[in-house]
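*Asks:*
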Ligand SMILES: NC(=O)c1ccc[n+]([C@@H]2O[C@H](COP(=O)([O-])OP(=O)(O)OC[C@H]3O[C@@H](n4cnc5c(N)ncnc54)[C@H](O)[C@@H]3O)[C@@H](O)[C@H]2O)c1
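Numbering (mature numbering (1 follows the signal peptide of the UniProt record, and there is no 0)), first residue to last: -23 to -1, 1 to 291.
Right, dumping it as structure tokens:
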């Protein structure tokens, strides 16, 4: 059937799916968007509501559909599944959401879909691994949103701390999208300067304390938001949009999506985030950035945690 690079499908139209659909409509990346949810009425309601904003953006076809509508899509964004409740970790969601992921990928697999699967539901690394195995697609076509959002939060916090546009901050959160994630401080740059040099330019000299505080904020921000408003969705919606743009515009942008490790840092058969070049084929190549010994050990321990969970749930 081929790929229509102007068509996207969003499976799961809760907080994250509907916010992503709303952001995608405004992005003007696509001319056709299919919304699918186990609750068909919900998908219909979102499609109608979002369509009413179209006159203020640009024309496109938005409708609640079925899996028969997916075959020619460029990207299927999967956000279906339970979200974290206050005091729940992302890993607590595993049983329920892995069942949901398997059933969705089972439906997709029955059709001739040749595009990219973008997994957003949590725990995203585990569910991306499951989607990869269940689909049998090549690893480049199955991507998790990974730590793209966490990295966005990290760059935002650093931008605020240093009084600089967060887009001029190049720094990554890597590993699990969850409690074992880490900041790749040794690779962080602001305007080309190593981060500590830029901090000193701005009058900040207590590096260890600031690093700890900023990383804690980033790591715990989902918990902070959930404690206040019960779910997080706007930040991830923008991250979904950004990843879709890199795919459909064949941008070769570097972003820390989660992907299958195939020997990088000695890691195999586990899905987690390290920066990768993203283009029309999904993952073009991963970019194993330089890590300090401590960071490498943290990354390996994050991988071990994920591997253990995969083993326990397979
Ligand atoms: N990756 C990230 O950075 C990130 C950020 C925020 C949230 N999330 C995750 O996104 C997921 C969705 O969160 P939410 O707040 O939108 O939850 P939500 O409860 O608001 O929405 C989930 C939706 O999935 C639908 N659904 C359930 N089973 C389905 C199935 N088999 N097929 C189709 N649809 C189905 C439900 O009907 C519901 O509309 C959660 O797992 C959450 O943890 C990920």
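Backbone N, C-alpha and C fix where the C-beta goes; we use that ideal spot for every residue, glycine too.
1. For residue 23, does the count of other Cβ atoms within 10 angstroms reach 16, so buried, or fall short, so exposed?
2. At a cut-off of 8 Å, would you count residue 40 as near ligand 1, judging by its Cβ distance to the nearest heavy atom?
3. Straight-line CA distance for residue 343 to residue 155?
4. Is there at least one non-hydrogen atom of ligand 1 closer than 8 Å to the beta-carbon of residue 213?
5. Under the criterion of a Cβ to heavy atom distance below 8 Å, does residue 107 qualify as lining ligand 1?
6. Helix, strand or coil: which one does DSSP assign to residue 230?
7. Using the rule of at least 16 other Cβ atoms within 10 Å of the residue's Cβ for burial, across every protein chain shown, is residue 73 buried or exposed?
8. Would residue 111 and residue 48 qualify as a contact pair, given that the criterion is a beta-carbon distance under 9 Å?
9. Output the distance between the C-alpha atoms of residue 176 and residue 139, rounded to the nearest integer angstrom.
10. Residues in its own chain within less than 8 Å of residue 264 by CB, not counting five upstream and five downstream?
11. Indicate the three-state DSSP secondary structure (helix, strand or coil) for residue 236 in the structure shown.
12. When the Cα of residue -1 is compared with those of 35, 276 and -19, which residue comes out closest?
13. Indicate whether residue 11 and residue 42 have their beta-carbon atoms separated by less than 9 Å.
14. I want to check one thing, is the minimum distance from the CB of residue 119 to the heavy atoms of ligand 1 below 8 Å?
15. Could you give the DSSP three-state label for residue 259: helix, strand or coil?
16. Please state whether DSSP places residue 47 in a helix, a strand or coil.
17. Please state if the CB of residue 145 and the CB of residue 137 are separated by a distance shorter than 9 Å.
18. Please look up how many angstroms separate the CB atoms of residue 217 and residue 235, rounded, as I've assumed it's under 8 Å.
19. Mind checking residue 262: buried by the 16 CB within 10 Å criterion, or exposed?
20. Identify whether residue 172 lies in helix, strand or coil by the three-state DSSP scheme.
21. Taking the alpha-carbon of residue 40 as reference, which of -15, 117, 115 and 84 has the nearest alpha-carbon?
22. Give the straight-line distance between the Cα atoms of residue 94 and residue 119, rounded to the nearest whole angstrom.
23. When burial is assigned at 16 or more other CB atoms within 10 Å of the CB, is residue 168 buried or exposed?
24. Determine whether the beta carbon atoms of residue 31 and residue 9 lie at a separation below 9 Å.
25. Are residue 100 and residue 151 closer than 9 Å when you measure CB to CB?
26. Specify, as a first and last residue, the run of the beta strand (DSSP E) that residue 161 falls within.
27. For the alpha helix (DSSP H) holding residue 251, just list the boundary residues, first then last.
28. For residue -11 and residue 13, what's the separation of their Cα atoms in angstroms?
29. Return the CA-CA distance between residue -22 and residue 91, expressed in angstroms with no decimal places.
*Replies:* Let me spell this out:
1. Position 46 of the chain shown, counted from the start, is the residue given in the question as residue 23. The residue is buried, with at least 16 neighbouring Cβ atoms inside 10 Å.
2. Here residue 40 corresponds to residue number 63 of the chain shown, with the count starting at 1. Result no, Cβ not under 8 Å from ligand 1.
3. Outside the shown range of the chain, which is -23 to 291, sits residue 343, and nothing can be said about it.
4. Numbered from 1 along the chain shown, position 236 holds the residue referred to as residue 213. Under cutoff, so the answer is yes.
5. Position 130 of the chain shown holds residue 107. Residue 107: no, Cβ never under 8 Å from ligand 1.
6. Translated into the one-based positions of the chain shown, residue 230 becomes position 253. If DSSP states are grouped into helix, strand and coil, residue 230 belongs with the strands.
7. Mapped onto the chain shown, residue 73 falls at position 96. Exposed: under 16 other Cβ atoms inside 10 Å.
8. Sequence index remark: in the chain shown, residue 111 carries index 134 (1-based). Sequence index remark: in the chain shown, residue 48 carries index 71 (1-based). No, the Cβ-Cβ distance between residue 111 and residue 48 is not below 9 Å.
9. Indexing the chain shown from 1 puts residue 176 at position 199. Indexing the chain shown from 1 puts residue 139 at position 162. Cα to Cα, residue 176 sits roughly 7 Å from residue 139.
10. On the chain shown, residue 264 is found 287 positions in, with the first residue counted as 1. Taken in chain order, the residues that qualify are 231, 251, 252, 253 and 254.
11. As a position in the chain shown, residue 236 is number 259, starting the count at 1. DSSP places residue 236 in strand when its eight states are reduced to three.
12. Position 23 of the chain shown, counting from 1, holds the residue named residue -1. Out of 35, 276 and -19, 35 has the C-alpha closest to the C-alpha of residue -1.
13. Reading the chain shown from its first residue, position 34 is the one you call residue 11. Reading the chain shown from its first residue, position 65 is the one you call residue 42. A contact, by the Cβ cut-off of 9 Å.
14. Position 142 of the chain shown, counted from the start, is the residue given in the question as residue 119. Not under cutoff, so the answer is no.
15. Locating residue 259 in the chain shown gives position 282, counting from the first residue. In the structure shown, residue 259 sits in a strand (DSSP, three-state: E or B).
16. Locating residue 47 in the chain shown gives position 70, counting from the first residue. Residue 47: coil per DSSP, three-state reduction.
17. In the chain shown, residue 137 corresponds to position 160, counting from 1. In the chain shown, residue 145 corresponds to position 168, counting from 1. Contact flag unset, no.
18. Here residue 217 refers to the residue found at position 240 of the chain shown. Here residue 235 refers to the residue found at position 258 of the chain shown. Their Cβ separation, rounded to whole angstroms, is 13 Å, which puts residue 217 and residue 235 out of contact at 8 Å.
19. For this step, residue 262 is matched to residue 285 along the chain shown. It counts as exposed.
20. The residue labelled residue 172 in the question sits at position 195 within the chain shown. Looking at residue 172 - three-state DSSP - the assignment turns out to be helix.
21. In the chain shown, the residue the question calls residue 40 occupies position 63. That would be -15, whose Cα lies nearest to the Cα of residue 40.
22. Translated into positions along the chain shown, residue 94 becomes position 117. Translated into positions along the chain shown, residue 119 becomes position 142. Their Cα atoms are separated by approximately 5 Å.
23. Counting from 1 along the chain shown, the entry for residue 168 is found at position 191. Label assigned to residue 168: exposed.
24. Along the chain shown, read from residue 1 onward, the residue named residue 31 stands at position 54. Along the chain shown, read from residue 1 onward, the residue named residue 9 stands at position 32. No, they are not a contact pair.
25. What you label residue 100 is simply residue 123 of the chain shown in a count that begins at 1. What you label residue 151 is simply residue 174 of the chain shown in a count that begins at 1. No, Cβ-Cβ distance for residue 100 and residue 151 is not below 9 Å.
26. Locating residue 161 in the chain shown gives position 184, where the first residue counts as 1. That residue, residue 161, is in no beta strand (DSSP E); it is neither H nor E in DSSP.
27. As a working mapping, residue 251 is identified with position 274 in the chain shown. Where residue 251 is concerned, there is no enclosing alpha helix (DSSP H), given that its DSSP letter is neither H nor E.
28. Numbered from its first residue, the chain shown carries residue -11 at position 13. Numbered from its first residue, the chain shown carries residue 13 at position 36. Near 7 Å, if we compare the C-alpha coordinates of residue 13 and residue -11.
29. Stepping through the chain shown from its first residue, residue -22 is reached at position 2. Stepping through the chain shown from its first residue, residue 91 is reached at position 114. Between residue -22 and residue 91, the C-alpha separation is close to 7 Å.
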